[in-house]
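Undergrad: Following this message is one structure expressed as structure tokens.
Residue numbers (the numbering used here): 125 to 334.
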């Protein structure tokens, strides 16, 4: 059984110094937790995790050298009992789902009330998964939606880059008619009226990223 007097040691992985400063100020004010370390990149975060063995890891999804998903997966592979929380500015359901599948136990959107973040840290430290209401709602809204296939995500990403069907076909080494079929499927699955709306929905939900 854990010592109730022992502080929860938190590792913060985020490339924005202002975010890390804000987290440190909030966390270090709590009687039951402390910031054990900080990292600005994924690789630095992995090194810090190995050196510090924190109780809880806060990780952003967008890091300069690797994705937060990769950081979560690598930490989980090395330490299956690691307790991780995503702290991201992105609240798309696909990002949330991917983070949970990678091994995160919580997901907090930047800008949420600090009490919400602290509650998630305490809950995850206790070994339970915790999603704030807004995050859970974003996930629930699309729980029954058809997910895009890996190829459809590729096509949508190229559409977002302004590529035409023929250019997409050439880049993916597939027939132009096949691209058209993928685009039709994408519009149907995302309930989008055209390519522009499909890209907008894809970005909002975290299916693709710029």
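From the three backbone atoms N, C-alpha and C, an ideal C-beta is built for every residue, glycine too.
Quantities reported herein were computed from a predicted structural model and do not represent experimental measurements.
#1: Nearest to residue 159 by CA position, among 227, 177, 166, is which residue?
#2: From residue 330 to residue 244, what distance separates their C-alpha atoms?
#3: Does the stretch 127 to 146 touch the stretch 237 to 257, meaning 3 or more C-beta pairs lie closer than 8 Å?
#4: Residue 288: which of 322, 303, 143, 210 sits nearest, CA to CA?
#5: Which partner residues of residue 275 appear in the DSSP bridge assignment?
#6: Between the Cα of residue 163 and those of 155, 148, 272, spot the shortest distance and give me the residue it belongs to.
#7: Considering just the uninterrupted stretch of the beta strand (DSSP E) at residue 158, what are its terminal residues?
#8: Please classify residue 128: is it buried, with 16 or more other beta-carbons within 10 angstroms of its beta-carbon, or exposed?
#9: Spatial neighbours of residue 226 within its chain, please: CB distance less than 6 Å, with the 5 preceding and 5 following residues excluded, ordered by chain position.
#10: Could you please give the first and the last residue of the uninterrupted beta strand (DSSP E) stretch that includes residue 182?
TA: So, from the listed chains and residues:
#1: Looking at the Cα atoms, 177 is the closest of the given residues.
#2: Here the alpha carbon of residue 330 sits roughly 22 Å from the alpha carbon of residue 244.
#3: Note that the stretch 237 to 257 touches the stretch 127 to 146; at least 3 beta-carbon pairs, one per stretch, sit closer than 8 Å.
#4: Relative to residue 288, the option among 322, 303, 143, 210 whose CA is nearest is 303.
#5: Partner(s): none; residue 275 has no beta bridge.
#6: The residue with the shortest Cα to Cα distance from residue 163 is 148.
#7: Its beta strand (DSSP E) spans residues 157 to 163.
#8: Reliability fails at residue 128, whose pLDDT of 49 lies under 50, so the model's placement of it is uncertain and the value that follows must be treated cautiously. Classification for residue 128: exposed.
#9: The beta carbon of residue 226 sits closer than 6 Å to the beta carbons of 193, 196, 197 from its chain, once the five residues preceding and following it are set aside; these are given in chain order.
#10: Start and end: 180 to 183.
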